[in-house]
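Per this note's numbering, the very first residue in the sequence shown carries number 13; after that it's consecutive. Ideal Cβ positions, reconstructed from N, Cα and C, are used throughout, including at glycine. Written out below as structure tokens is the structure these notes cover.
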Amino acid sequence: MPARWGRGLKNRAFSLAVIALALGGLSYVLTTGTSPPTAAESKPSFPTANVAVGSLRITGAYIPQPASASVAAAYFTITNFGTADALVSASSDVTQEVGLHQSVTSGTVGTMIDVSSLTVPARGLVRLSPGGSHLMLMNPTPLVSGGFVEMRLTFRQAGAVSIRVPVVPLTAVSGVS
Ligand SMILES: [Cu+2]
13 MPARWGRGLK
23 NRAFSLAVIA
33 LALGGLSYVL
43 TTGTSPPTAA
53 ESKPSFPTAN
63 VAVGSLRITG
73 AYIPQPASAS
83 VAAAYFTITN
93 FGTADALVSA
103 SSDVTQEVGL
113 HQSVTSGTVG
123 TMIDVSSLTV
133 PARGLVRLSP
143 GGSHLMLMNP
153 TPLVSGGFVE
163 MRLTFRQAGA
173 VSIRVPVVPL
183 TAVSGVS
């Protein structure tokens, strides 16, 4: 029946897109998890924020689909082509509260602390990544891979900028968390 056949094709195309996104996210993390910045980082396989504000450029943003409904973490890289700056706050429509967090390890116990700002050195870069600095979205509305979260970042010098952050499958980052 033509109608059913058409629907089947559409579902199959959707499934392939999801698989492609998962594979793209995985290769992105594997290539950039612990290595220094490379050309590959500026061309991730999944759609991502790439915005500029003042002397800053924000790239490679992603949010792993949360395993728990109560928190989600956002990661990205800030490259600074000018003088020193700092990320001082962040917000999003999907949550009432976005924290600036730093993961720390004391002995064998990992925990997170709130920080008032994240310094972006002059002509340097800061990479928010699993196990390091991140933005923590507290009690967000449900986040599903394939979707996007609009976030607003405020820098001390450069001012505010909005970024569109893709939610990626949790499996894409499990190897480095
Ligand atoms: Cu945190």
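Beta-ladder partner(s) of residue i, from DSSP
{"i": "D126", "result": "H113"}
{"i": "V138", "result": "I90"}
{"i": "S118", "result": "V121"}
{"i": "R164", "result": "S103 and S174"}
{"i": "A84", "result": "L149"}
{"i": "P76", "result": "V180"}
{"i": "A96", "result": "For A96, which the question treats as bridged, DSSP gives no partner whatsoever."}
{"i": "L68", "result": "V65 and N92"}
{"i": "V132", "result": "D97"}
Alpha-carbon to alpha-carbon, residue j and residue i
{"i": "Q114", "j": "Y87", "result": "12 angstroms"}
{"i": "A172", "j": "D97", "result": "12 angstroms"}
{"i": "A130", "j": "V83", "result": "The sequence given here has Leu at residue 130, not Ala. Each residue's alpha carbon lies about 20 angstroms from the other."}
{"i": "V138", "j": "N62", "result": "15 angstroms"}
{"i": "Y74", "j": "G158", "result": "11 angstroms"}
{"i": "G136", "j": "Q169", "result": "15 angstroms"}
{"i": "V100", "j": "V132", "result": "11 angstroms"}
{"i": "V116", "j": "G66", "result": "30 angstroms"}
{"i": "P154", "j": "F93", "result": "36 angstroms"}
{"i": "V156", "j": "F167", "result": "28 angstroms"}
{"i": "L140", "j": "T89", "result": "6 angstroms"}
{"i": "M148", "j": "V177", "result": "13 angstroms"}
{"i": "E109", "j": "V161", "result": "14 angstroms"}
{"i": "R106", "j": "A79", "result": "According to the sequence shown, residue 106 is Val rather than Arg. Near 16 angstroms, if we compare the C-alpha coordinates of A79 and V106."}
{"i": "L165", "j": "M150", "result": "16 angstroms"}
{"i": "A277", "j": "A85", "result": "Look at the range of the chain in this structure, 13 to 189, and you will see that residue 277 is not part of it."}
{"i": "A134", "j": "T95", "result": "4 angstroms"}
{"i": "S104", "j": "M163", "result": "5 angstroms"}
{"i": "P142", "j": "G111", "result": "15 angstroms"}
Beta carbon proximity, residue i to chain D, threshold 9 angstroms
{"i": "D105", "result": "The structure shown has no chain D; it contains just one protein chain."}
Legend entry - Chain-ordered residues, beta carbon under 5 angstroms from a heavy atom of ligand 1: Cβ-based neighbours of ligand 1 within the cut-off: H113, M124 and M148.
Legend entry - Contact between the segment 61 to 79 and the segment 115 to 127 (3+ Cβ pairs under 8 angstroms): No, because fewer than three Cβ pairs between the segment 61 to 79 and the segment 115 to 127 fall closer than 8 angstroms, the two stretches do not touch.
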